[in-house]
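The structure appears right after this line, and notes come after that.
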Amino acid sequence: MAALISCEDLWKIYRLGDVEVQALRGVDLLIKEGEFVAIMGASGSGKSTLMNILGCLDRPTKGCYRLQGVDVGGLRADQLAEIRNRRIGFVFQNFNLIPRTSALENVQLPLFYRGLPLRQQRALAAEALARVGLQGRENHYPSQLSGGQQQRVAIARALVASPSLLLADEPTGNLDTQSSLEIMAILDGLNKKQGITIILVTHETDIAAYAEREVVMKDGRILTDRKTPSGASALPVEA
Amino acid sequence: MPTFLLLTALTAVRILGRNRLRTGLTMLGIVIGVGAVIAMVSIGEGAKAAVAERVASMGTNVILILPGAVTTGGVRGGQGGVVTLTTADAVELKKRVPLLRETGWARRDVMQIVHGNKNWNGTVNGISPSYLTIRGWSFTGGGPFTQQDLDTAARVAVLGQTAVDNLFEPGEEPVGAIIRINHVPFRVIGTLAPKGQSAQGMDQDDVIFIPFSTAERKVFGTYFLGSVGALFASTERPEDLAPAVAQIREVLRQRHRLQPDQDDDFFIRTQVDIGKVHEETSETLTIMLFSIASVSLLVGGIGIMNILLVSVTERTKEIGVRMAVGATRRHILIQFLVEAMTLSVLGGCLGILVGILGARATTAVAGWPTIISPETVIAAFVFSVAVGLFFGLYPANKAAWMNPIDALRYE
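Now the structure itself:
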């Protein structure tokens, strides 16, 4: 399988007044297409910073990040926006749906920015909602949906653009156990049945167990990188 | 892109519709501003048209020559202090200035006029027959007097509408009746169509015209024969006015034997000069009202900017989400600009409505003439779009240049 993500010596340094914060201190990471990777670590370990860079929301201070062979560091802001639009889907801890906007329109959003005709946007969005089991809820507002349902709308929004990479930042952090199980079942199905690469940030070990590979971060570095029992058949771990 | 713009506009309308009170208050400034501009300009235009109409009622391409001040031994007399113009001047001008179509003269005095048991103090004008054509008077009954009436100093009179109203019973036929002007009997041979107020606000219809010769010999009396109150002339085309004035001046200076170092002993006014003064007055008024209205538009624009800045801050997280799913800076910029322009265009349309109603109300209540020209409406509309664009630019830019991560993390 081809490498989807390859990071070499990624550094991210923030400057807060006079204090220099090294959020990432030389991260090397290789993720192949179709992998299901969990990134774990305490808060402040740099996992969110890494996610932001992998999601093309942020740029590394130093180092090289290639997504499908393209060096993202050299791209302009609007090119990064296009990559986010076409290749990356985001699922956030707090769902991040646009309030007072129907589920269907929330899911349409990536297609809207891609400039598809309205009819096509609607059809694809309805199909994506059906895939996460929300047919019939198209016209509900986020406030009319439960947490689990909102997160499913968010997954549908991430899926509708048929991305090659799905980034899930603590997707079950705000959900009860039952909803968490449902969401993880959906993500697992997307990975297993449709081959979408998923990177999951979490600090719950039972959630991380769904992944086939577990990367643990500490102080801006990768501490361990190993196959999980469920992912025993996965490819070699070390990049 | 067209799909994007259309959907963005629809979204903007929906977002603004959710917060009706806020939207309404934000638009209020623009509504008042545009409404004020439209109402003010239409009042100004109406006033200008009324002035133009009055100036036109003087006749077309009229030149007015008035006796001027004469300096005698260092003492300067006032305007009209000395009689300097004569009928002979008019005859000579007609001969020597070919640009003039006609010349005429008049002398006026206020006199007691009696008919039956009614009497009236009216302005009696002794005139040359050409005067009525130069000033563009038309008849409602009877006709003008002739050269023969002038030659024989006939006692005939032509009455303006106000004189008719004050001397005759309603329905009574004035033509053919006998009136007495300063005890001298006159036969009425014509009545004139009303002209209304002059540019100076005087009643132009309060007049009685009699032949000049009759006036000077039988009614007014005179110091020397042929001295007149004013000379009148007209040209064929408006562009002939200026050269004609120059030639008239030269001929009159020569006839009056004025040395190069002496001032003119006459004044020359054209219709254009008279119209200009009034136009400038109403223009000044329009500019003043327009600037007041513009200030209100400016305040309205600042109101829009203020609310948009609040809106951008409130929706920081939404902006972050939109960026995360692939919105470019341009998309965000356009979204907020469209919102600003929706506000200002909606406000502008309401303002146009308010302005038109305001102008109508002014006409109905105060009786002022108002004119709402399509140009004014279009200009007001364009102006409100411009206000939206200008004051939307800063908040929209602020939204567009947010860092996606900071926007996403904003709580």
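Chains as they are written, first to last, in my numbering: chain A, 1 to 239; chain B, 1001 to 1411. Where is the CB? At the ideal position from N, CA and C, for every residue including glycine. Note that the structure is a prediction, hence the values are computed from the model and not measured.
When burial is assigned at 16 or more other CB atoms within 10 Å of the CB, is residue i buried or exposed?
i: serine 1022 of chain B; result: In the sequence as presented, serine is not what sits at residue 1022 of chain B; that position holds arginine. With fewer than 16 Cβ atoms within 10 Å of its Cβ, arginine 1022 of chain B is classed as exposed.
i: alanine 125 of chain A; result: buried
i: arginine 1020 of chain B; result: exposed
i: aspartate 1273 of chain B; result: exposed
i: proline 236 of chain A; result: Annotation note: pLDDT 42 at proline 236 of chain A (below 50); position unreliable, coordinate value reported separately. Proline 236 of chain A comes out exposed.
i: aspartate 176 of chain A; result: exposed
i: arginine 1045 of chain B; result: Note on residue identity: the sequence assigns glutamate, not arginine, to residue 1045 of chain B. Glutamate 1045 of chain B should be labelled buried.
i: glutamate 1053 of chain B; result: exposed
i: tyrosine 14 of chain A; result: exposed
i: histidine 1183 of chain B; result: exposed
i: tryptophan 1401 of chain B; result: exposed
i: asparagine 1061 of chain B; result: buried
i: glutamine 1161 of chain B; result: buried
i: isoleucine 1032 of chain B; result: buried
i: leucine 16 of chain A; result: exposed
i: proline 99 of chain A; result: exposed
i: lysine 1048 of chain B; result: buried
i: valine 1299 of chain B; result: exposed
i: leucine 1005 of chain B; result: exposed
i: glutamate 238 of chain A; result: Low confidence applies to glutamate 238 of chain A: its pLDDT is 41, below 50, so where it sits in the model is not reliable enough to give any reading.
Please state the DSSP three-state secondary structure of residue i.
i: valine 1031 of chain B; result: helix
i: tyrosine 65 of chain A; result: strand
i: leucine 1085 of chain B; result: coil
i: aspartate 169 of chain A; result: strand
i: phenylalanine 1212 of chain B; result: helix
i: phenylalanine 1145 of chain B; result: coil
i: isoleucine 1372 of chain B; result: coil
i: histidine 1115 of chain B; result: strand
i: glycine 1138 of chain B; result: In the sequence as presented, glycine is not what sits at residue 1138 of chain B; that position holds serine. If DSSP states are grouped into helix, strand and coil, serine 1138 of chain B belongs with coil.
i: serine 233 of chain A; result: Summary for serine 233 of chain A: the model assigns pLDDT 43, below 50, so the residue's position carries little reliability; its value from the coordinates is reported in the next sentence. Three-state DSSP puts serine 233 of chain A in coil, outside helix and strand.
i: glutamate 204 of chain A; result: coil
i: methionine 1040 of chain B; result: helix
i: valine 37 of chain A; result: strand
i: glycine 1229 of chain B; result: coil
i: threonine 224 of chain A; result: strand
i: phenylalanine 1390 of chain B; result: helix
i: tyrosine 241 of chain A; result: No answer is possible for residue 241 of chain A: it lies beyond the span of chain A, which begins at 1 and ends at 239.
i: serine 6 of chain A; result: strand
i: valine 19 of chain A; result: strand
If the cut is a Cβ gap below 7 Å, which residues of chain A does residue i touch?
i: arginine 1018 of chain B; result: Arg100
i: histidine 1331 of chain B; result: Tyr113
i: proline 1369 of chain B; result: Ordered by position in chain A, no residue passes the 7 Å Cβ test against proline 1369 of chain B, which lies about 50 Å from the chain.
From this set, the options, which residue's C-alpha is nearest residue i's C-alpha?
i: glutamate 1172 of chain B; options: B/Pro1194, B/Lys1118 and B/Gly1122; result: B/Lys1118
i: leucine 54 of chain A; options: A/Gly26, A/Ser6, A/Ala156 and A/Tyr14; result: A/Ser6
i: glycine 46 of chain A; options: A/Leu223, A/Gln108, A/Pro229 and A/Asp219; result: A/Asp219
i: isoleucine 1251 of chain B; options: B/Gly1035, B/Val1091, B/His1115 and B/Thr1008; result: One detail in the question is off: residue 1251 of chain B reads as valine in this sequence, not isoleucine. Selected option, being the one with the closest Cα: B/Val1091.
i: proline 1211 of chain B; options: B/Gln1204, B/Ala1193 and B/Phe1186; result: B/Phe1186
i: serine 164 of chain A; options: A/Ala128, A/Glu170, A/Gly89 and A/Gln151; result: A/Gly89
i: cysteine 1349 of chain B; options: B/Ile1015, B/Met1027 and B/Leu1005; result: B/Met1027
i: tyrosine 1410 of chain B; options: B/Gly1320, B/Ser1344 and B/Gly1388; result: B/Gly1320
i: glutamine 1112 of chain B; options: B/Ala1106, B/Gly1104, B/Asn1121 and B/Trp1105; result: B/Asn1121
i: alanine 1050 of chain B; options: B/Arg1101, B/Gly1104, B/Val1114 and B/Lys1195; result: B/Lys1195
i: glutamate 127 of chain A; options: A/Arg157, A/Gly147, A/Gln144 and A/Tyr141; result: A/Arg157
Is residue i near the ligand NAP, judged by its Cβ being under 6 Å from some heavy atom?
i: valine 1037 of chain B; result: As for the ligand NAP, it is missing from this structure, which has no ligand bound.
What residues of chain A sit near residue i, judged by a beta carbon separation below 9 Å?
i: valine 1391 of chain B; result: In the sequence as displayed, the identity of residue 1391 of chain B is phenylalanine instead of valine. Those do not exist, as phenylalanine 1391 of chain B stays about 25 Å from chain A at its closest Cβ, beyond 9 Å.
i: phenylalanine 1004 of chain B; result: Phe112, Tyr113 and Gly115
Starting from residue i, find everything on chain B with Cβ-Cβ shorter than 7 Å and list it in chain order.
i: phenylalanine 36 of chain A; result: Under the 7 Å cutoff, chain B gives no residues; its nearest Cβ is about 21 Å from phenylalanine 36 of chain A.
i: asparagine 174 of chain A; result: Simply none; closest approach about 14 Å.
i: asparagine 52 of chain A; result: Ile1405
i: alanine 23 of chain A; result: Here the premise fails: no neighbours, minimum Cβ distance about 12 Å.
What does residue i reach in chain A if we use C-beta pairs closer than 8 Å?
i: alanine 1012 of chain B; result: Those do not exist, as alanine 1012 of chain B stays about 13 Å from chain A at its closest Cβ, beyond 8 Å.
i: glutamate 1318 of chain B; result: Ile98 and Pro99
i: leucine 1007 of chain B; result: Phe112 and Leu118
Could you tell me which chain B residues have their CB closer than 8 Å to the CB of residue i, listed as they occur along the chain?
i: arginine 84 of chain A; result: Met1323, Ala1324, Val1325 and Gly1326
i: arginine 157 of chain A; result: Val1325
Which residues in chain B sit within 9 Å of residue i, going by Cβ to Cβ distance?
i: aspartate 58 of chain A; result: Asn1403, Pro1404 and Ile1405
i: leucine 109 of chain A; result: Val1321, Arg1322, Val1325, Gly1326 and Ala1327
Is the number of C-beta pairs between the region 22 to 36 of chain A and the region 7 to 14 of chain A that are closer than 8 Å three or more? Because the criterion of three Cβ pairs below 8 Å is met, the region 22 to 36 of chain A and the region 7 to 14 of chain A touch.
Would the region 1001 to 1012 of chain B and the region 1245 to 1262 of chain B be scored as touching if the rule is three or more Cβ pairs under 8 Å? no
Count Cβ pairs between the region 1359 to 1376 of chain B and the region 1330 to 1342 of chain B that sit closer than 8 Å; are there 3 or more? No: the two stretches stay apart, fewer than three of their Cβ pairs being nearer than 8 Å.
I'd like to know if the region 1222 to 1230 of chain B and the region 1132 to 1144 of chain B are in contact, where contact means that at least 3 CB-CB pairs between them fall below 8 Å. no
For the 8 Å Cβ check, are there 3 or more pairs between the region 89 to 108 of chain A and the region 204 to 213 of chain A? no
Any chance the region 1334 to 1354 of chain B sits against the region 1294 to 1309 of chain B, with 3 or more Cβ pairs inside 8 Å? A contact between stretches requires three or more CB pairs, one per stretch, nearer than 8 Å, and the region 1334 to 1354 of chain B meets this requirement with the region 1294 to 1309 of chain B.
For the 8 Å Cβ check, are there 3 or more pairs between the region 76 to 89 of chain A and the region 109 to 116 of chain A? yes
Three-pair Cβ contact test at 8 Å for the region 1090 to 1109 of chain B versus the region 1227 to 1247 of chain B: Here the region 1090 to 1109 of chain B lies against the region 1227 to 1247 of chain B, with 3 or more beta-carbon pairs under 8 Å apart.
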